[in-house]
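>
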Amino acid sequence: MKKAIIISIIMLSMLIAEAPMAFAIDFFSTRLAAHNHCPHDTVVWLNTATGIWHYKGERWYGNTRQGAYVCEREAARAGDRGTENGQ
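Residue numbers (this note's numbering): 1212 to 1298.
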């Protein structure tokens, strides 16, 4: 019985260690504020409802109902992704 409990604890700790970590992402209401936060990164518009970002010049850049300007690397680290259809 003790052996089964120990094995269960070890397996649970291994699962916890492999769980993806949540990364913080800073949201900005203006492109300039985001650029000042990450001057060496690309500023993108993140649709916060879907987790999809858009580049300047694309249809939905700054034009979704829920969204914010963010740094592309931070968004990628947080698990968000770029649009697949270039809109």
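Think of the CB as a built atom: it goes at the ideal place given N, C-alpha and C, for glycine as much as any other residue.
Quick caveat: nothing in here was measured; it's all calculated off a predicted structure.
According to the Cβ coordinates, are Trp1264 and Asp1291 closer than 8 Å?
Here residue 1264 refers to the residue found at position 53 of the sequence shown. Here residue 1291 refers to the residue found at position 80 of the sequence shown. Their beta carbons are under 8 Å apart, which means Trp1264 touches Asp1291 by this criterion.
> On the three-state DSSP scale, how would you describe Ala1244?
For the purposes of this step, residue 1244 is taken as the residue at position 33 of the sequence shown. In the structure shown, Ala1244 sits in a helix (DSSP, three-state: H, G or I).
> In three-state terms, what does DSSP make of Arg1292?
Stepping through the sequence shown from its first residue, residue 1292 is reached at position 81. Arg1292 falls in the strand class under three-state DSSP.
> What residue range does the beta strand (DSSP E) around Cys1282 cover?
Translated into positions along the sequence shown, residue 1282 becomes position 71. Here the beta strand (DSSP E) through Cys1282 covers 1278–1282.
> At the level of alpha carbons, what is the spacing between Thr1253 and Gln1277?
As a working note, residue 1253 is residue 42 in the sequence shown. As a working note, residue 1277 is residue 66 in the sequence shown. Going from the Cα of Thr1253 to the Cα of Gln1277 covers about 20 Å.
> Would you please state the rounded distance, in angstroms, between the beta carbons of Tyr1266 and Thr1241? I believe it to be under 8 Å.
One-based indexing of the sequence shown puts residue 1266 at position 55. One-based indexing of the sequence shown puts residue 1241 at position 30. Not confirmed; about 17 Å, so no contact.
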